[in-house]
Each structure stands twice: as structure tokens, then as C-alpha cells.
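In full-length UniProt numbering, the protein residues as written are 1 to 320.
Below you'll find the structure, written out as C-alpha cells, and then a few comments.
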């Protein structure tokens, strides 16, 4: 960080490099949050496609609530990468998942972006350590991993690489929060990050079941939308299992059902349920519960499930 680094709350000019589905979604999100957004993409005539994407997202963003000053007129199209980042106060890169391309592009962005400005990558699989190798000032580069569509799904996972300085990770996390995102600041790099690894586990098991004739696509989707998926929006998988232990919570659940981890219910190899892992899960659930009793969590869960069911039912009826 230096004297040129703006505070996260003072940023007004955001640059988006790459204007495909993810990059365009970022553009729409930042515009809706009241930022002036400069976009650049090497694809010819990308502007028309980008503006169509923003126009398509705008009704949903309007329903969610636009920030003061939000306007599609705040979108500026740059002729070159250098022009795009010339006055940037934050840069979000969203190029295709190609490591060589990412390395080269991030190095070029880094060389052209004003000193002290944080640069974030939308990569969904690569670690920043392997992407920042050619950057002249790698200490300011982070991963800001969004979920599609970025203008609608709030989660962004933030993590630095081995050459990233801690201030850049803190700055990016605070900026994304100011910009209306729900942020997970990761403690270390993990291939695929957190949410993608969980999604991938379900996806791979689903493919195995279809390939083996054990379940159909329709059955697999219904098993989530009519089952666990209704509970996850509020509590997530860990607190859901915390409630599965009744009044004993996660401790009882692990002590009672722990042996089933070795049952052949998935193709994934289960970790050893050590005392350390058990205690980490129990303590983590206590922190996540934040003082709420099992009964209070159950009541919160039930209200949330009912609300989700009603909302989904309304959408389904409207689609008929």
C-alpha cells in the first residue's frame, strides 16, 4: 500500500478487463452500485454484447435496489488496455481460464495500472501464486472469485498468493463488502477455492450416479431442490448437521453418526474423524450459531425454509 492507494470506501472508478459472461456481470454489478465503470475486452465489437448483457441484468438489479447515482450511462468503453486502467482505482480481471493467458494479461495489467491500485482476478480454478509470476508488483494482486451471475449472487472469495502482501487481501475484502458483496476472506490458497470444491463434490457424485444408472438427472436435481437445498440458504451444510444432532448439536451428531463416514455413500474418501477434527467442527458450529440455542436455530431454519418454499412455488407457478 502506498500514498496512491485509495481507501476502499472512496473508490469511484472501477475497471473491468474482460467482458464475457463473468466480466459483463461484474460490469453490471458495479454500475448498479453507483461506480463509474471502464471496460475493455480484446474481442472485436465486444461493446454491443456487453451493453446487451447489462440491459438484461438491469431489471433484476433495479428490483434489488440501485445505489444512489447508479446508471448505465456510467459505462465507458476503452480502446486499449492501457486506456482502461489509466485512472482506475480498482481493477477486476475476468479473462478465460487459460493459465498462460492469465499470466500474460495480469502482467500487462500490473505494468499499466497506477501504483498502489489493487488488481483482482475472477479465476475459478487457478491460484494467484501461479498467476502472478510475471507481474512487476505482484504484492497487490488477489483473487476475487465471484459466482455466476456476479450481479445477482453475492458471494466472492478473496485470497492472495505467496507474493501478495496482506494489506492487499484486507483492502480487497473491505472493498467488495463496500461494493455490496458477501465476502469470504480465505486463510490460504486451496485449488478451486471453497464453494467450487463443494459444488464439484456434488457434481462428480451426480455424474457417477447417472453413468452407473443409479439415478436420473431429474431425480438428482429434485433431491437437492426438494431436500437439502431448502435448508442451505440460511444455515449451510455445517449448521444443518449441527441441528441433526438434536439438543446435543454437532458433538452428538459426530459421535453418533461418525462411523457412517466410512460407509460407501459417495465415491469420495472420507477424512479420518480425529479428535482434532471433531473439536474443530463442534467449536466452529458454536461460533457460527453466535449464541443462538438449538431451539432458536430450528425456529430460524423453519421460517427460512417456508419462505424459500413459497418463493420457489411462486416462480414455478409463474413459469407455467
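Here a beta-carbon is modelled for each residue, glycine too, at the ideal position from N, C-alpha and C.
Problem - For residue 94 and residue 159, the rounded distance between their alpha carbons - result: Using only the alpha carbons, I get a separation of about 16 Å.
Problem - Straight-line gap, residue 89 to residue 6 (C-alpha atoms, nearest Å) - result: Distance between residue 89 and residue 6, taken at the CA atoms: about 7 Å.
Practice task
For residue 238, count neighbouring C-beta atoms within 10 Å of its own C-beta (all shown protein chains included) and say buried if the count is 16 or more, exposed if not.
Solution key: Label assigned to residue 238: exposed.
Practice task
Please determine if the segment 37 to 56 and the segment 21 to 28 are in contact, where contact requires at least 3 C-beta pairs separated by less than 8 Å.
Solution key: Yes, the segment 37 to 56 touches the segment 21 to 28.
Handout entry: Backbone CA spacing between residue 68 and residue 207 [nearest angstrom]
Key = Going by the C-alpha atoms only, they are around 45 Å apart.
Practice task
Just tell me which of 251, 112, 131 has its CA closest to the CA of residue 163.
Solution key: For the residues 251, 112, 131, the minimum Cα distance to residue 163 belongs to 131.
Practice task
Would you mind sorting residue 140 into buried or exposed? The rule is 16 or more other CB atoms within 10 Å of its CB.
Solution key: That one is buried.
Practice task
Please state whether DSSP places residue 207 in a helix, a strand or coil.
Solution key: For residue 207, the three-state secondary structure derived from DSSP is helix.
Handout entry: Residue nearest to residue 326 in terms of C-alpha spacing, selected from 292, 271, 154, 225
Key = Because the chain is modelled from 1 through 320, residue 326 falls outside the range shown and cannot be assessed.
Handout entry: Which listed residue (147, 110, 76, 134) has its alpha carbon closest to that of residue 122
Key = Relative to the Cα of residue 122, the nearest Cα in the group 147, 110, 76, 134 belongs to 147.
Practice task
For the segment 184 to 228, list the alpha helix (DSSP H) runs that are entirely contained and at least 4 residues long, ordered along the chain.
Solution key: If we require 4 residues or more, the alpha helix (DSSP H) runs fully inside the segment 184 to 228 come out as 195 to 211, 217 to 225.
Handout entry: Limits of the unbroken beta strand (DSSP E) element including residue 156
Key = Taken as a continuous stretch (DSSP letters only), the beta strand (DSSP E) holding residue 156 covers 155 to 160.
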